[in-house]
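2 protein chains.
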Amino acid sequence: MKNMLSGNTLYDVAELFKNFSDSTRIRIMYCLFESERSVTEITELLNMNQSAISHQLRFLKNSKLIKNRREGKTVYYSLADDHVYNIISQGIEHVQE
Amino acid sequence: MKNMLSGNTLYDVAELFKNFSDSTRIRIMYCLFESERSVTEITELLNMNQSAISHQLRFLKNSKLIKNRREGKTVYYSLADDHVYNIISQGIEHVQE
DNA sequence: TGAACATATGAGCATCTGTTCATATGTATT
DNA sequence: AATACATATGAACAGATGCTCATATGTTCA
Chain A
1 MKNMLSGNTL YDVAELFKNF SDSTRIRIMY CLFESERSVT EITELLNMNQ SAISHQLRFL
61 KNSKLIKNRR EGKTVYYSLA DDHVYNIISQ GIEHVQE
Chain B
101 MKNMLSGNTL YDVAELFKNF SDSTRIRIMY CLFESERSVT EITELLNMNQ SAISHQLRFL
161 KNSKLIKNRR EGKTVYYSLA DDHVYNIISQ GIEHVQE
C-alpha cells in the first residue's frame, strides 16, 4: 500500500465529491469564484427557483464548502476556502482536455 | 469573468464528479492505484456482489476513467490516466485536513 | 461439443435526490 | 404594529441511482 488510509476515508471522499456532482451546486460555487453573492443574486444568475437555491446552499454550507454572513435582510455567501476553487478548477481542466 | 467557459462546461464538470461521488466507485478506482486488477480481484477486495462491481465498472468505463484488457477469461481493469489519480488524491488530502 | 469459469447485462426494486409549493422566520421601514 | 422584502424550511412528488437476481455472453480446456 502506497499510503495508509483510515477505514472510512474513502467514504468521506465520496461524500466530499457528492457536493460537486450536481450541476446546480457546481454552478453556485462557480459563481462565487468572482466574489460573494446574495441569495437573490445567485437565484437570478442561475435563473432558478429561490427555494431550490436555498436548499442547495444549505447542503453546501453543511459540508463546510461555503460560508455566509448576514447584512440586514441580505445574506451573502462565499467560498469557504481554496479547496473548493482548486477542485472545481481541476474538474474544468479535465473536461476541457 | 476570470476565464471563458463554453455554455455546458459546468454540466460536464458535474458529470465528471458524479463518478467520484459514490463510495463503491471511489473504492474501485482507489484499488487500481497500485496496479491493474481483474473483476474477481476487485469483487473480493471490496467484498461485494460481482454484478454490482461489473455495473460500476461499466459506468466508469463509459466515462473513460478506467480502461480494460482481456487476457483469456480474465478482464483486467486499470486507471485511464493521471487525472483520476490526481482528483482522488486531492479529495483524500481535503478530507484529511 | 460440453462443462467450468469469468464477466456482462437487463429487469425489478428500494432508496436517495433535486425540485416545487406553501409557508415560516428574520429584518428594516413606516 | 403592520407591511414589505429576503431567506429558510418542511412536505410531497418525480426521476435518478445502486443493488440483487437471473441469465446471457465469452473463453478455455477436456
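Just so you know, the sequences run in chain order A and B. Residues 1 to 97 (my numbering) are what the first sequence spells out, left to right. Residues 101 to 197 (my numbering) are what the second sequence spells out, left to right. Backbone N, C-alpha and C fix where the C-beta goes; we use that ideal spot for every residue, glycine too. If you're wondering where the values come from, they're calculated on a predicted model, not measured in any experiment.
Residue i in three-state terms, based on DSSP
i: A/Ser78; result: strand
i: A/Gln96; result: coil
i: B/Ser189; result: helix
i: A/Leu5; result: coil
Nearest residue (CA-CA) to residue i, options the options
i: A/Ala80; options: A/Glu36, A/Gln50, A/Ser51; result: A/Glu36
i: A/Met4; options: B/Phe133, B/Arg125, B/Thr109; result: B/Phe133
i: A/Ser21; options: B/Lys118, B/Ser123, B/Val195; result: B/Lys118
i: A/Lys61; options: A/Arg25, A/Gly7, A/Thr43, A/Leu10; result: A/Arg25
i: B/His155; options: B/Leu116, B/Ile128, B/Asp112, B/Gly172; result: B/Ile128
i: B/Lys173; options: B/Leu145, B/Lys167, B/Thr140; result: B/Thr140
i: A/Val84; options: A/Ile66, A/Tyr76, A/Glu93; result: A/Ile66
i: B/Asn147; options: B/Cys131, B/Gly191, B/Arg158; result: B/Cys131
Amino acids of chain A, ordered along the chain, whose beta-carbon sits closer than 9 Å to that of residue i
i: B/His183; result: Gln90, Glu93, His94
Chain-ordered chain B contacts of residue i [CB-CB under 9 Å]
i: A/Arg37; result: By Cβ distance, chain B contributes nothing, its closest Cβ being about 14 Å from A/Arg37, past 9 Å.
i: A/Arg70; result: The contacting residues do not exist; A/Arg70 stays about 27 Å from chain B at best.
i: A/Ile87; result: Phe117, Ile187, Gln190, Gly191, His194
Partners in chain A for residue i, counting only beta-carbon separations shorter than 7 Å
i: B/Thr143; result: Neighbours of B/Thr143 on chain A: none; closest Cβ ~17 Å, over 7 Å.
i: B/Phe117; result: Phe17, Phe20, Ser21, Gly91
Chain-ordered chain B contacts of residue i [CB-CB under 8 Å]
i: A/Ala52; result: Simply none; closest approach about 15 Å.
Contact list for residue i against chain B, beta-carbon separation under 7 Å
i: A/Leu60; result: In chain order: nothing, as chain B lies at least about 13 Å away.
Sequence ranges, alpha helix (DSSP H) only - wholly within the stretch 21 to 74 of chain A, length at least 4: 23 to 31, 39 to 46, 50 to 62
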